[in-house]
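Mapping the sequence shown onto full-length UniProt numbering, position 212 (from 1) lands on 212, and the numbers just tick up by one.
Heads up, the beta-carbon is just placed ideally off N, CA and C, and yes, glycines get one too.
Here's the structure we're looking at; comments come further down.
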Amino acid sequence: MSLFKACDWWSATLGEGEEFDQGCLCVGDVDNSGTGHDKIIVGSYMGMLRIFSPHANKCTEGSPADAQLLEVQLQNAIIQVEVGRFVSCSEFLHLAVLHPRKLSVYAVFGTAGNVDHGDQYQLKLIYEHNLQRTACNMTYGTFGGVTGHHSLCIQSMDGMLMFFEQDSYSFGRFLPGFLLPGPLAYNSRTDSFLTVSSARQLESYKYETLAVAADAESR
């Protein structure tokens with residue numbers, strides 16, 4: 001006899017024929033509501049960006065459309081979405097959207113609407129970076145132990161880690177012995193980046209080592 005019981009709390013079917021990857025979903029209070037309710041952000045390879053705010057009291061009487069705050073068609077395929085403090089001199093959370101050749105950071109906010117439709121949510125572009133190399137995935141964190149904001153690291157398809165600090169490009173470093181891009185994660189405790197090589201070996205690179213590496217921006 002099981003002590004736990006699963007319940008279908010909420011679900012939504014997104015579009016028809018759209019494709020998604022593991023990086024196309026994240027969770028966070030992206031609109032800075034301060035209510036303690038995180039939102040579900042989903043992007044697709046078709047460039048469709050959706051934000052949901054499901055609630056348990058709507059699971060029986062509501063529909064997925066009731067929980068949808070925003071649906072926007074972007075011009076490029078969405079590879080990954082993340083929520084963090086990506087804007088300088090701001091404590092608010094923002095949405096980072098990774099495209100194949102572009103990184104865009106948005107603010108998501110709601111404005112009071114009429115009683116029938118509730119708040120109206122909008123997406124505002126804060127800044128963007130055009131990438132010189134095709135992106136594969138990204139991670140973020142307090143690189144170098146800096147507090148108060150998050151930096152972004154993008155891994156390209158040809159093995160370069162590109163570092164961005166808010167609206168500025170910091171530097172890029174090629175990974176040694178690179179063949180194919182692998183998963184990428186940041187460990188704040190060791191201030192290092194974790195990935196898996198084509199030889200199925202777990203590799204760790206400290207941020208400080210990457211930052212001071214010489215002749216690493218070219219193969």
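| Query | Result |
| --- | --- |
| Candidates P176, F163, W9: closest to T142 by CA position | F163 |
| Validate contact between the segment 140–160 and the segment 183–200 using beta carbons, cut 8 Å, 3 pairs | yes |
| Element boundaries [beta strand (DSSP E), containing E128] | 120–130 |
| Sub-8 Å separation of V81 and L93 beta-carbons | no |
| Selected residue, minimal CA-CA separation from L125, among S104, A77, K39, C136 | S104 |
| S168 burial status per 10 Å Cβ neighbour count (16 or more: buried) | exposed |
| Where the beta strand (DSSP E) containing V81 begins and where it ends | 80–84 |
| Contact check, L161 vs R173, beta carbons under 8 Å | yes |
| Member of S170, L98, P54, R85 whose CA lies at the smallest distance from the CA of L74 | L98 |
| Rounded straight-line distance, which links the Cα of M138 to that of P176 | 18 Å |
| Exposure of M157, with buried meaning 16 or more beta-carbon neighbours within 10 Å | exposed |
| 7 Å CB neighbourhood of N187 in its chain, flanking five on each side removed | L194 |
| Contacting residues, own chain, Cβ-Cβ under 8 Å from T134 (five flanking each side not counted) | P100, R101, S156, M157, D158 |
| Member of L70, C24, G43, H149 whose CA lies at the smallest distance from the CA of F86 | H149 |
| Candidates Y45, G15, V30, of which the one nearest Q22 by Cα | Y45 |
| Inter-residue Cα distance where the pair is S197 and C136 | 14 Å |
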